[in-house]
Amino acid sequence: MGTLAIQLHDSLSRRKRPLRLEQPDRVTLYVCGPTVYDWPHIGNARPALVFDVLVRLLRHAYRQVVYVRNFTDVDDKINAAAASAGVPIRTLTERTIAAYQADMRALDVLPPDHEPRVTEHISDIQFLITQLLDRGHAYVAAGHVLFEVASFARYGKLSGRSTEGMQAGARVEVAPFKRDPMDFVLWKPSGPDLPGWESPWGRGRPGWHVECTAMIQRHLGFPIDIHGGGQDLIFPHHENEIAQGCAATGLPYCHTWLHNSFITVAGQKMSKSLGNVLLVRDLLQQAPGEALRLALLASHYRQPLDWNQERLVQAKRTLTTFYRALSDGDTATGARATGQEGDPDPIVLQALADDLNISASLARLHGLSRELQRAGSAAERDALRASLLASGRLLGLLQQDPLQALAALQAPSRPADRLQPLLNEKTIAELQKRRLQARQDGDFQLADRLRHELIEAGVVVADGRACRPSAPPTPANLSSRHG
């Protein structure tokens, strides 16, 4: 264990470096997870898949890997989404967390060792804020606690920006109580209609950036070996994490920073206004989760991935080739049937150890499948099958029964189900009651508007009969800003 020479591109040093561990044969990894307020698209799925492959590689190479990916379940966007849907905040977050986990299972993403929620770590967040106040890196103003950026000399090293450059056009909340526009919120006040917790600074809730630092401190300790997330989190989120963690503890924060690049659709950024947001749930109607997984992994994680439908078609073709090779020849369907366990192919291992070179790994899988189809003896076929299966496992591929997988890959696409808003039965009943009253009062404009709301929520509206949901709300995805 631990003999594989893994190299990863570190965003801080801006170069590929050998993996550095704080403890021999033990890897700690933290990845920013989703903010649970809305359905996810393929851009949200990409980091989960990239770091799933990394974790599979690390677990092959090292005796202990501790992987933490969080859920942000307190956030202003969550508050707004819950109010819009007419459901309690906890109802929204619980349903969307369950939905996210279901989506990840469909893509064969292994669960992390820990999935902490922000709301379960308020005391840890308050402890971290107290550390920053005691060390002179934070101050209280107008019911807020803010981090003083000027107190941390290394601020901006990860993003490579000067403080002056960051102020122009940055995602920074400008408020009159800040000493400097770059100072960011650690704690903010909450009114009676918003989630909040008692604190030495008044009833309130945490700021975005402090949450991940506190959860890392609780579950992993500093420094951690690898911190991952999307490229959009480098600034301000990860920049602020470094400042908080180092300022509070005096310790290094992280040895290696890993960031995946963006996804575009036909060359354009995904956005609701363009109508090109591709939901995971919709794509799972067109192809098995394994094909969607392969399509999203086929480009190097640090390169932008431009999505088009041909990616999914090609992924299905590739998997069909692999599974046909696994199912050819003997009536047994591979190493699983013979009880033979193989080791990953050395070329596949070396490719993945070289900054997750999945393209080279897939090329070798093609080579193994061709060798398997040409193999002359049963012993040779079994050995190649075992190697192909073990190599595929590192990528989260080829772990199904070959004949069943081929049947699924050849099945026709299904129409995408309507993705239903999270309306509970009480809200549906209230809308129904208001609509019936509006009809009785002759306010047909209001009645039509309420009817439209019910239909958009997936409710079948039949005048003269009770409204009923067309199907139980079964969300399968949610979007993530980060964790």
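For the sequence shown, position 250 (counting from the first letter as 1) is numbered 261 according to the working numbering, and the numbering increases by one without interruption.
The C-beta atom is built at its ideal place from N, Cα and C for all residues, glycine as well.
CA nearest to the CA of residue i, picked from the options
i    : options                : result
H148 : P206, I253, K168       : I253
D366 : Y41, A458, P217, N271  : N271
E321 : L305, Q314, A336       : L305
A302 : N319, A309, K327       : K327
P45  : Y111, A92, V64, L30    : Y111
R190 : D293, S424, A153       : A153
D317 : P122, N287, R292       : N287
S173 : F246, S338, H238       : F246
V291 : P200, E209, L307       : L307
I227 : A258, Q415, Y41        : Y41
L330 : Q361, S284, L408       : L408
I89  : H377, Q242, S370, P206 : P206
Y150 : V185, A419, F195       : F195
A309 : L60, L23, A16          : L60
R404 : D135, E33, L69, V85    : L69
Simplified DSSP state of residue i, which is helix, strand or coil
i    : result
Y41  : strand
A152 : strand
H132 : coil
L32  : coil
T14  : coil
K327 : helix
R26  : strand
L420 : helix
D365 : strand
K283 : coil
D459 : helix
H377 : helix
F163 : coil
D49  : strand
L409 : coil
D145 : helix
Straight-line gap, residue i to residue j (C-alpha atoms, nearest Å)
i    : j    : result
W198 : W212 : 8 Å
T83  : R116 : 19 Å
M193 : A161 : 9 Å
P263 : W50  : 35 Å
H20  : H125 : 25 Å
H248 : P35  : 29 Å
A164 : Q314 : 31 Å
A389 : F333 : 18 Å
I140 : Y48  : 26 Å
G167 : V156 : 21 Å
R392 : S282 : 48 Å
G240 : Q296 : 27 Å
L244 : W268 : 11 Å
T260 : N251 : 14 Å
E159 : W219 : 16 Å
Q448 : A96  : 21 Å
A386 : A336 : 10 Å
A422 : L143 : 57 Å
E441 : L406 : 48 Å
D293 : G54  : 14 Å
R396 : E105 : 41 Å
M324 : L289 : Looking at the sequence provided, one finds Val at residue 324 rather than Met. Approximately 16 Å, taken between the alpha carbons.
A374 : R37  : 30 Å
F233 : A109 : 30 Å
A362 : N368 : 5 Å
D452 : V98  : 27 Å
H230 : E382 : 45 Å
A72  : L360 : 10 Å
C43  : F273 : 15 Å
L65  : Y78  : 10 Å
P200 : V185 : 16 Å
P484 : A91  : Legend: pLDDT at P484 = 35, less than 50; position of this residue unreliable, no value from coordinates given.
R445 : A93  : 20 Å
Residue range of the beta strand (DSSP E) that includes residue i
i    : result
Q75  : 75 to 80
T275 : 274 to 276
L290 : Taken as a continuous stretch (DSSP letters only), L290 belongs to no beta strand (DSSP E), as it is neither H nor E.
L316 : 316 to 318
Enclosing alpha helix (DSSP H) for residue i [first to last residue]
i    : result
V61  : 53 to 72
L405 : 389 to 406
R304 : 300 to 308
Alpha helix (DSSP H) runs contained entirely in the region 166 to 234, provided each spans 4 or more residues: If we require 4 residues or more, the alpha helix (DSSP H) runs fully inside the region 166 to 234 come out as 174 to 178, 219 to 230.
Uninterrupted alpha helix (DSSP H) stretches inside the region 233 to 269 (no shorter than 4 residues): At a cut-off of 4 residues, the continuous stretches assigned as alpha helix (DSSP H) that sit fully inside the region 233 to 269 are 250 to 260.
Complete runs of the beta strand (DSSP E) confined to the region 80 to 123 [at least 3 residues]: For the region 80 to 123, not a single whole beta strand (DSSP E) run of length 3 or above is found.
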